[in-house]
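According to my numbering, the sequence shown is numbered sequentially starting from 3.
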Amino acid sequence: MAKPDRVIVIGAGIIGASCAYHLAARGQQVTVLEKFDAPAEGSTGRSFASVRGQWSDELNITISWESIQTFRDFEKLYKVDVGYRPTGYMYLVPESGWETQLQHVAFQQDHGVPVDAISFEDAQNKTPFVQDGLGGVTWGAADGVVDPYLATNAYISMAKSLGAVFHMKTEVHEITRTEAGWSIRAGDSIYEADYIVNCAGGWSSETAKLAGFDIPVEHFRRNIYSTAPNSTPVHPMTIDLNTGFFLRSEGERLLFGLARADEPAGYNTSVDWDWMETVMETGGERFPWLLDTPLDPTGAWAGTYEITPDHFPILGALPEEPTWINACGFSGHGVMQAPYVGKLIAEELCDGKSHSIDIEPLRINRLRDGNLRSETMVF
Ligand SMILES: Cc1cc2nc3c(=O)[nH]c(=O)nc-3n(C[C@H](O)[C@H](O)[C@H](O)COP(=O)(O)OP(=O)(O)OC[C@H]3O[C@@H](n4cnc5c(N)ncnc54)[C@H](O)[C@@H]3O)c2cc1C
């Protein structure tokens, strides 16, 4: 058998954990370096934890739907329940977008995703809303939630059982290309590697810069607000496509939010209380009952999306340096895409190229050449 490559994975979020597992399962000698005290302390642990197969872009549909099926089958495959629950996902679609949305539904169905247009009556029974200006509603029955902590830790345990080594509180701060490969100074130690897999989330441009590469990923804050417990019946994930306002139940609370478009990039995890009034006004127009629901500031949190110029991830080896592999910039969708991405990255490293699907359109060159992709269903 060929000697395993020494692979350093930077970052123990859900993407790094999935990559580490899939690489270890392919026989590689994997070391994961993480700057925080524990795994999933970056975007992963601050996620809204929702998963969906409803996208407009074929690669987003495929990567998400493959991953959702893995979450669904996780217990059968790996003997761990990672909290996948098909609580459903409902899009309230404006009249102007309804024809196009029906085309997306047909496209999603062609890819095996269980999604349908449903009647306003059925939709109102799931979450009551003001119907003005809407053309219809779509429902993804297998969409829902997963537990990002459980999933990350499951991948880490499985990777460890295959020999992978994880170092927490070990920030990578220097990366040097050597004749033999890579030399990485992290924490108080130096690590040697044949390959580096950059899974540093919103910090990926900083880690790439240490090695002299330009990877365009930036942090943008997102806020989740919360009602008090016991204040509402159970609601599935519901998004008003007209505004991007979204809500869903979590236990006895209702969680909700809306992206703030005018906020500059930067890492910030304190809740934006100034923004909440706009969020309530916007949500209250479609869901007036929300305005009478008691809120609880202690249930709110904020984290950052790791955003690329076209909101698609950057995957695969750099053309100028095949031993540097990116798996970053998921732009707010990394939890629901992690299982399949780990498999693709292991193929890229072990087989010279991802082959389960063609990831060419997600490589860095699209951004360098100005061939940005387009996805209408990002919020
Ligand atoms: C409010 C919010 C809601 C979201 N909702 C959803 C959702 O519903 N569904 C969904 O799929 N996604 C959602 N996301 C996005 C999702 O959380 C991310 O896409 C995903 O977690 C990215 O995972 P990651 O492993 O790439 O990044 P991260 O989880 O950020 O992990 C990167 C890791 O790299 C480490 N690192 C960085 N630099 C270094 C260094 N120099 N040395 C060592 N370690 C380093 C960091 O400490 C971090 O732990 C949401 C995000 C937020 C903030």
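All residues carry an ideal CB built from backbone N, CA and C; glycine is no exception. None of the values given here were measured: they were computed from a predicted structure.
With a contact defined as Cβ atoms closer than 8 angstroms, residue 188 and residue 175 qualify at about 7 angstroms.
Closest option to residue 265, judged by alpha-carbon separation, among 241, 303, 137 and 225: 225. DSSP places residue 349 outside any beta strand (DSSP E); the residue lies instead in the alpha helix (DSSP H), whose first and last residues are 336-353.
Beta bridge pairing from DSSP links residue 194 with 185. Annotation for residue 318: the continuous beta strand (DSSP E) segment containing it runs 316-320. Relative to residue 98, the option among 366, 340 and 244 whose CA is nearest is 244.
Counting only runs of 3 or more residues that sit fully inside the region 44-97, the beta strand (DSSP E) segments are 91-96, in chain order.
Under the three-state reduction of DSSP, residue 244 is assigned to coil, being neither helix nor strand. Residue 213 sits buried, since 16 or more C-beta atoms from the chains shown fall within 10 Å of its C-beta.
Shortest Cα-Cα distance from residue 12 to any of 277, 197, 139 and 4 involves 197. Shown here, residue 112 sits in a helix according to DSSP, grouped into three states. In the structure shown, the three-state DSSP call for residue 30 is coil. Taking C-beta atoms as the reference points, residue 148 and residue 227 fail to come closer than 8 angstroms. Contact between the region 80-89 and the region 126-136 is not established, with fewer than three Cβ pairs separated by less than 8 angstroms. With a cutoff of 8 angstroms on beta-carbon distance, residue 381 and residue 248 are scored as near each other. Within the same chain, and ignoring the five residues on either side of residue 122 in sequence, the residues whose Cβ sits closer than 7 angstroms to its Cβ are 133 and 139.
CA-CA distance, residue 73 to residue 65, rounds to 12 angstroms. In this structure, residue 33 has its CB at a distance of at least 7 angstroms from all heavy atoms of ligand 1. Straight across, the Cα-Cα distance linking residue 191 with residue 178 is about 14 angstroms. Residue state for residue 329 is assigned as strand, using DSSP reduced to three classes. Taking 8 angstroms as the cut-off, the Cβ atoms of residue 310 and residue 331 count as close.
Residue 217 and residue 246 have their C-alpha atoms spaced approximately 28 angstroms apart. At least one heavy atom of ligand 1 sits closer than 7 angstroms to the Cβ of residue 335.
The beta carbon of residue 208 lies closer than 8 angstroms to those of 202 in the same chain, with the five residues before and after it left out.
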